[in-house]
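Visitor:
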Amino acid sequence: MTKKFAGIIVIVLVFITISVSLGWYFFRYYLTLTWSDLVFAWDDNKHVELSRGETNERYYNRWLCFDARIVEVSEAIIEYGTVRKVPLIDVKFGSSVFQFNVDPEVEWNTDTVQNRWRAMLENQESVCIFSVYSQTDDDGTEVRYIRRVKTSTGSWDKLDKSYQK
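Number 93 in the numbering used here belongs to position 109 of the sequence shown; there are no gaps in the numbering.
#1: So, at 7 Å on beta carbons, what are the nonlocal neighbours of Q148 in its own chain, with the 5 sequence-adjacent residues on each side left out?
#2: If distances are taken between C-alpha atoms only, which option among S118, N45, N40 and R68 comes closest to V23?
#3: Return the residue from the list I54, R42 and Q108 that minimises the CA-CA distance to N29.
#4: Express the C-alpha separation of V111 and R53 in angstroms, rounding to a whole number.
#5: Please go through the stretch 33 to 63 and give each complete beta strand (DSSP E) segment of 3 or more residues, from N-terminal end onward.
#6: Please state whether the Cβ-Cβ distance between P135 and Q108 is less than 8 Å.
#7: Using three-state DSSP, classify K145 as helix, strand or coil.
#8: Leaving out five residues before and five after L17 in sequence, what residues of the same chain have Cβ atoms less than 8 Å from its Cβ?
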């Protein structure tokens, strides 16, 4: 009877520890979002952002929040009609790697976008990125397309034409 009781106590303590850890993560990083950000996501997800006809898969934008210190503003050279430089965000979170790309159909003012993102990330504890899943690369990197980036200092939205050429 005592061993059974001790086993139950251990299971309860492990459950509480995991719950508190997950709760702390959510509380710590997702507090960057406001009620209007959540309503924005709700409204945005009334339509499919990305779909694949061959598999009938449908993907929607969602908020992902991270410690701002693990976020790196970077760039890539792509060939999409023409060869050009595009801004992107890399995040290494534990064993997961995310690459957040901008819409390749738009010609971006890469330096302006990168400067805005860096300014938003400066001295911040967290960043939230509203994005849609695109694919998982062979190396395990999850590639997503950015709709919006948010920190407590402000936000960036792909629909803001001032960041486009």
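C-beta atoms are modelled at their ideal positions from N, C-alpha and C, and glycine is treated no differently. Being a predicted model, the structure only gives us computed values, none of them experimental.
Guide: Looking at the coordinates:
#1: The beta carbon of Q148 sits closer than 7 Å to the beta carbons of V90, E91, W92 and N93 from its chain, once the five residues preceding and following it are set aside; these are given in chain order.
#2: N45
#3: Among I54, R42 and Q108, the Cα nearest to that of N29 is on R42.
#4: 9 Å
#5: 34 to 36, 41 to 43 and 46 to 51
#6: Strictly speaking, residue 135 in this sequence is Thr, with Pro absent from that position. Yes, Cβ-Cβ distance for T135 and Q108 is below 8 Å.
#7: helix
#8: W47, C49, C112 and K134
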